[in-house]
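What follows is a single structure, written as structure tokens, with notes after it.
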Amino acid sequence: MFYELVKYRSYFEIETDFLECNLEGGAAQNTILGMFRKAIANDSEIAAIHSDSSLTVGDNASSLNNLLGVNDGWLKQICSCVPECNILDAAGAAPSQALYFQAKTRIPTRFRGISNQFRFIVGPQVYDHWAFYWGNRLTNGGDAALQSGDAPGPWGTPFLPVPLWPEMIPYGSSGTPVTHILLTPPENLVYIVGRQLRMERERVAKCDLDYWVMHWTADFLIEDPNKVVLVKNVNVCGEAYDGCDRCGDADDVDNC
Numbered sequence: 013m014f015y016e017l018v019k020y021r022s023y024f025e026i027e028t029d030f031l032e033c034n035l036e037g038g039a040a041q042n043t044i045l046g047m048f049r050k051a052i053a054n055d056s057e058i059a060a061i062h063s064d065s066s067l068t069v070g071d072n073a074s075s076l077n078n079l080l081g082v083n084d085g086w087l088k089q090i091c092s093c094v095p096e097c098n099i100l101d102a103a104g105a106a107p108s109q110a111l112y113f114q115a116k117t118r119i120p121t122r123f124r125g126i127s128n129q130f131r132f133i134v135g136p137q138v139y140d141h142w143a144f145y146w147g148n149r150l151t152n153g154g155d156a157a158l159q160s161g162d163a164p165g166p167w168g169t170p171f172l173p174v175p176l177w178p179e180m181i182p183y184g185s186s187g188t189p190v191t192h193i194l195l196t197p198p199e200n201l202v203y204i205v206g207r208q209l210r211m212e213r214e215r216v217a218k219c220d221l222d223y224w225v226m227h228w229t230a231d232f233l234i235e236d237p238n239k240v241v242l243v244k245n246v247n248v249c250g251e252a253y254d255g256c257d258r259c260g261d262a263d264d265v266d267n268c
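Pasting the structure below:
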């Protein structure tokens, strides 16, 4: 496995006048530093998922483009390197028992022995959609889901909801918001950190402020693309997916 680390930088400024006039006084600096660390954690998660090196970067580009455009994240890599038979296109349909079942059938045969390691990696709306369905069941399990908001995963495979997972990807000529679902062991998505987060402070006397900057290096990899099933173009507001799609034909013994 080869990787190429990319350097990231985040920064902010605190004016002395602000520290003297706010309700917390000098303690506001620690509050801001805590918020800064949380923001960097969110940025690093977004970069790992969304990064796309085809985006325009530079002084005239947006902050988001400059975050995402310097590398390729997990989704970009998966969409370009996962085998055809590992891809299921929902084509704007909503998640359903049939969709999750079809996704499980796309797990290559050689990985069925470790299927208990696989998870449905989804955004919050997809997870809530399944919990809503489960809560409508007139069973003890349905009552429990209605009370807690939690539900067991379909066909014995748990969900891994990711708060920052993209759920507003434009699809088709109308730009209908869709999302993608991954079925893979979470460990298959690799986040490499080459330099631990390091925060440094510089006093800029002529501006009467402190300048805080943090650098880190990272890269994002898919350990084995063959171990990923991609369910793309899922619309939680669409008609429920109801299909039975196979990949390959009877003479193609290597399609899985």
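Plus 12 on top of the position in the sequence shown (first one is 1) and you've got this note's numbering. Cβ coordinates follow ideal geometry from the N, Cα and C atoms, glycine included.
- Between the stretch 43-52 and the stretch 18-25 there are three or more inter-stretch CB-CB distances shorter than 8 angstroms, so the stretches are counted as touching.
- Sequence-distant partners of Y203 (beyond 5 residues in either direction) whose C-beta falls short of 7 angstroms from its own C-beta, in its chain, are A60, A230 and F232.
- Residue nearest to F132 within the set F123, R122 and G165 is G165 (criterion: CA-CA distance).
- Minimum Cα-Cα distance from I126 among the listed residues G46, F30, N200 and E27 corresponds to N200.
- Note: A106 is bridge-paired with A252 in the DSSP secondary-structure output.
- Between L100 and R124, the C-beta gap is not smaller than 8 angstroms, which leaves the two residues out of contact.
- Within the same chain, and ignoring the five residues on either side of S63 in sequence, the residues whose Cβ sits closer than 7 angstroms to its Cβ are L80, N83, D84, G85, K88 and F232.
- Under the DSSP assignment, G147 falls in the alpha helix (DSSP H) whose first and last residues are P136 to G147.
- Assigned with DSSP and collapsed to three states, D231 falls in strand.
- Secondary structure note for L201: its beta strand (DSSP E) is the uninterrupted segment L201 to V216.
- Going by C-alpha positions, Y253 is about 9 angstroms away from G104.
- Taken in chain order, the complete alpha helix (DSSP H) segments of 4 or more residues contained in the stretch 76-103 are 86-93.
- Scanning its chain for C-beta atoms nearer than 8 angstroms, with the 5 sequence neighbours on each side dropped, one finds around Q129 the residues P197 and E199, in chain order.
- Contact between the stretch 136-143 and the stretch 162-177 is established, with three or more Cβ pairs separated by less than 8 angstroms.
- For D257, the CB contacts under 8 angstroms within the same chain, skipping 5 residues up- and downstream, are L100 and Q114 in chain order.
- For a cut-off of 8 angstroms, the C-beta gap from H192 to V243 is around 7 angstroms, short enough to register as a contact.
- Beta-bridge partners assigned by DSSP to K116: none are found.
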